[in-house]
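Undergrad: Numbering (the numbering used here), first residue to last: 512 to 802.
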Amino acid sequence: MTIIDGKAHAAQLREKIAGAVAGLRADHGVQPALAVVLVGDDPASQVYVRNKGVATEKAGMRSIEHRMPASASESEVAALVRKLNDDPEVDGILVQLPLPAHISSENIIAEIDPYKDVDGLTEANAGRLLLGKGGLVPCTPQGSVMLAKSVRGDLSGLHAVVVGRSILVGKPLAMLLLAENCTVTMAHSRTNDLDAICREADILCAAVGRPRMIKGDWIKKGATVIDVGINRIEEDGKMRLVGDVDFDEAEPGAGAITPVPGGVGPMTIACLLRNTVIAAARRRGLGPIDV
Ligand code: NDP
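#1: State yes or no: is the beta carbon of Val-736 nearer than 8 Å to at least one beta carbon in chain D?
#2: Cutting at 6 Å between CB atoms, please list the residues of its own chain near Asn-694, excluding the five before and the five after it.
#3: What I want to know is whether the C-beta of Met-724 ends up closer than 7 Å to one or more non-hydrogen atoms of the ligand NDP.
#4: Does the segment 753-766 come into contact with the segment 719-739, if we say contact requires no fewer than three beta-carbon pairs (one atom in each stretch) closer than 8 Å?
#5: On a Cα-Cα basis, can you pick out the residue from Val-648, Ser-582, Lys-682 and His-577 that is closest to Leu-591?
#6: Output the residues surrounding the ligand NDP, defined as those with a CB atom closer than 5 Å to any ligand heavy atom, in chain order.
#7: Could you pull out every unbroken alpha helix (DSSP H) segment of at least 4 residues lying fully inside the segment 582-616, listed in chain order?
#8: Got a sec? Which residues, its chain only, sit under 8 Å from Glu-459 by beta carbon, not counting five neighbours each side?
#9: Please go through the segment 651-719 and give each complete beta strand (DSSP E) segment of 3 or more residues, from N-terminal end onward.
#10: Tell me the rounded alpha-carbon separation between Ala-635 and Met-686.
#11: Name the DSSP beta bridge partners of Asp-738, please?
#12: Span of the alpha helix (DSSP H) holding Leu-634?
#13: Using the three-state DSSP reduction, which class does Thr-769 fall into: helix, strand or coil?
#14: Apart from the five residues just before and just after Arg-751, which ones in its own chain have a Cβ nearer than 7 Å to its Cβ?
#15: For the candidate residues Gly-603, Glu-526 and Ala-690, whose alpha-carbon lies nearest to that of Asp-624?
#16: What are the partner residues of Val-753, as DSSP defines its beta bridges?
#17: At 3 residues or longer, what runs of the beta strand (DSSP E) sit wholly inside the segment 523-570?
#18: On a CA-only basis, which of Gly-551, Pro-722 and Pro-683 is nearest Gly-638? Give me that one, please.
See the structure below:
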């Protein structure tokens, strides 16, 4: 049984990205820049934004933070996004979600220039993913596929089951696995016999948001388990982070599994940096970047 070390894979990827950034600077005088927009003072979002900023700078890129009060209006946030779209120095725009309840994240995402949409959430990038045309791909699904490939190599012909069909994770993850020539089953809250479907998976991806929902006997022997879930629970008087998969039960039967924390999570930020370099090169017509 392999515990897939997401931290180590992310560190490797970040190193490659730093190399690509150094190349862009040396060959073209370009330092990619990522602008992050944070609205309000949600403590978890503040930590995420800080971590993203640190990782961006460590990779040799410029990190630009725009903080707005929770009272900011939708039109003020939209105006900032449009300003960043027009700023030639900005390569990637990330609006930290969730936004305060009075602001429609759908409307704000729709404002982002698809060429700067490093979260891959605009209709243009979602459409390109569906059409297999490439583009900027959502970070968590991209990181999940990279981890699956790190243990299975070529995924062609494998049966992948994705539990969860959100726009952020489940749907793009299913599309990426399809592009890898997996046979993909998408499951969700209305799926009948979920345990039996999971048992058929060579690659089982859980993106649900329910602590330890997937039990050990739902996992085919030798399967690769990618646990995207991050759930904060209280246990034995302590706060803990656990995945959607019951790790202790899953570990003996699975061939490989991502832990929570330390699995998919670290890959998400690394893939955000990757998208920023790719966006910087593409927008300037500098050709594809191999990261
Ligand atoms: P959403 O709440 O948007 O989607 C959850 C999905 O799970 C829905 O499609 C829902 O189905 C499905 N679902 C809910 N209950 C069940 C059930 N009992 N059986 C089967 N399917 C069910 O969540 P996200 O996709 O945004 O996130 C999923 C998890 O991934 C969360 O724990 C989140 O914290 C984590 N996450 C981790 C990231 C990382 O970096 N590692 C990044 C992003 C998210 P339906 O559509 O029918 O309602």
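C-beta atoms are modelled at their ideal positions from N, C-alpha and C, and glycine is treated no differently.
What you are looking at is a predicted structure, and each value in this text was computed from that prediction instead of being measured.
TA: The short version:
#1: The question asks about chain D, but that chain is absent: this structure has only one protein chain.
#2: The question names Asn, but residue 694 is Thr in the sequence shown. Within the same chain, Thr-694 has close Cβ partners His-670.
#3: yes
#4: yes
#5: His-577
#6: Thr-651, Gly-675, Arg-676, Ser-677, Leu-679, Val-680, His-699, Ser-700, Ala-718, Val-719, Gly-720, Val-739, Gly-740, Ile-741, Val-775, Gly-776 and Thr-779
#7: 585-597
#8: Given that the chain is displayed from residue 512 to residue 802, the structure contains no residue 459 and the question cannot be resolved.
#9: 670-674, 694-698 and 714-717
#10: 15 Å
#11: Ala-717
#12: A small correction: the amino acid at residue 634 is Glu; Leu does not occupy that position in the sequence shown. Glu-634 -> alpha helix (DSSP H) spans 634-642.
#13: coil
#14: Ile-744
#15: Gly-603
#16: Asn-742
#17: 544-550
#18: Pro-683
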